[in-house]
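Structure first, then comments.
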Amino acid sequence: MSESLSVLLTNDDGIDAPGLEAVYDRLSETHDVTVVAPEENQSGTGQTRSWGEVEYDERHHGYAVKGTPADCVAIGVAALDIDPDVVVSGCNDGPNIGAHILARSGTIGAAMEASFLNYPAIAVSMYDWEYTPGSRYDPQYETFETAADAVHDLLPGFVEDEFLPTADYLTVNAPATGQTENNVYRVTRPTQEYELEAEFTEQGVNVNDKFWNELFERDVPDPEGTDRRAVVDDEISVSPLTAPHDVAPGATAGGLVEL
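Here our numbering is used: position 95 in the sequence shown is 100, and no number is missing along the way.
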């Protein structure tokens with residue numbers, strides 16, 4: 006495989022997001038990058054695909070799609086005849102960690118869509134300790150440079166099966182630029198820790214996700230080797246994942262259920 010790779014780049018924050026721009030600029034230094042990204046913010050759409058016709062417009066670096074991140078991947082490879090060596094999704098504005106987030110994140114959903122279409126993929130997200138939950142957050146281009154460098158460094162080895170060859174896709178969580186002196190890459194698994202609290206209010210029910218409160222307080226129960234622990238330790242978390250949601254171990258597919 007040549008040193009220069011064909012990259013399809015998408016995200017869920019929208020085509021004008023600074024995280025996508027930072028990744029595009031960094032990867033374009035070495036690779037041939039085509040952007041196929043949502044026209045507007047599609048955070049939290051998971052692997053959702055649109056029904057019916059999806060409109061798109063040409064941009065200077067690719068295409069803006071009036072659809073989801075998964076739509077962008079499908080349209081890129083099936084309609085626009087882009088045959089990438091790899092699909093990159095991100096950089097997301099905020100972390101994507103934990104097993105429970107895999108089905109929710111549009112950033113990861115695009116990588117999963119690519120994997121089911123037999124393309125290797127990397128979903129990259131950025132975490133920033135200067136963010137206060139509940140406050141307005143407006144990260145700048147420079148905030149994503151460490152994450153963009155991480156994708157650039159991981160890309161060739163992953164695509165050429167020299168690094169984590171059994172993975173279908175990677176989810177990467179990197180710190181905001183300047184928040185760590187040495188970039189330590191840690192192979193992780195998504196933590197299965199998850200806890201909710203709910204209380205009735207005058208207007209309805211308020212659901213409090215303790216998972217994120219623990220993260221931003223940097224007080225987590227997760228052991229070393231999990232993505233949330235790596236993030237709290239200011240490391241670059243790299244989770245190698247597979248796309249098929251397989252049957253549980255010990256189950257016999259095709260057999261009759263006996264109650």
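C-beta atoms are modelled at their ideal positions from N, C-alpha and C, and glycine is treated no differently.
DSSP state of residue i, grouped into three classes?
i: residue 62; result: strand
i: residue 161; result: helix
i: residue 29; result: helix
i: residue 6; result: Bear in mind that a pLDDT of 46 at residue 6, under 50, signals an unreliable position, so the model cannot answer this.
i: residue 148; result: helix
i: residue 86; result: coil
i: residue 154; result: helix
i: residue 105; result: helix
i: residue 24; result: helix
i: residue 264; result: coil
i: residue 217; result: helix
So what does residue i bridge to, in DSSP terms?
i: residue 14; result: 40 and 93
i: residue 204; result: 211
i: residue 99; result: 131
i: residue 176; result: 128 and 244
i: residue 51; result: Residue 51 pairs with nothing; no bridge assigned.
i: residue 67; result: 40 and 64
i: residue 192; result: 243
i: residue 231; result: 194
Just to confirm, is the Cβ distance from residue i to residue j under 8 Å?
i: residue 240; j: residue 189; result: yes
i: residue 227; j: residue 198; result: yes
i: residue 236; j: residue 242; result: yes
i: residue 51; j: residue 114; result: yes
i: residue 70; j: residue 82; result: no
i: residue 94; j: residue 151; result: no
i: residue 126; j: residue 116; result: yes
i: residue 17; j: residue 112; result: yes
i: residue 159; j: residue 91; result: no
i: residue 231; j: residue 194; result: yes
i: residue 174; j: residue 110; result: no
i: residue 216; j: residue 204; result: no
i: residue 19; j: residue 42; result: yes
i: residue 157; j: residue 32; result: yes
i: residue 206; j: residue 233; result: no
i: residue 40; j: residue 68; result: yes
i: residue 61; j: residue 80; result: yes
i: residue 49; j: residue 97; result: no
i: residue 213; j: residue 202; result: yes
i: residue 34; j: residue 146; result: no
i: residue 142; j: residue 89; result: no
Any 3 or more C-beta pairs closer than 8 Å across the segment 127-135 and the segment 177-186: These segments touch.
Any 3 or more C-beta pairs closer than 8 Å across the segment 163-170 and the segment 75-89: The segment 163-170 is not in contact with the segment 75-89.
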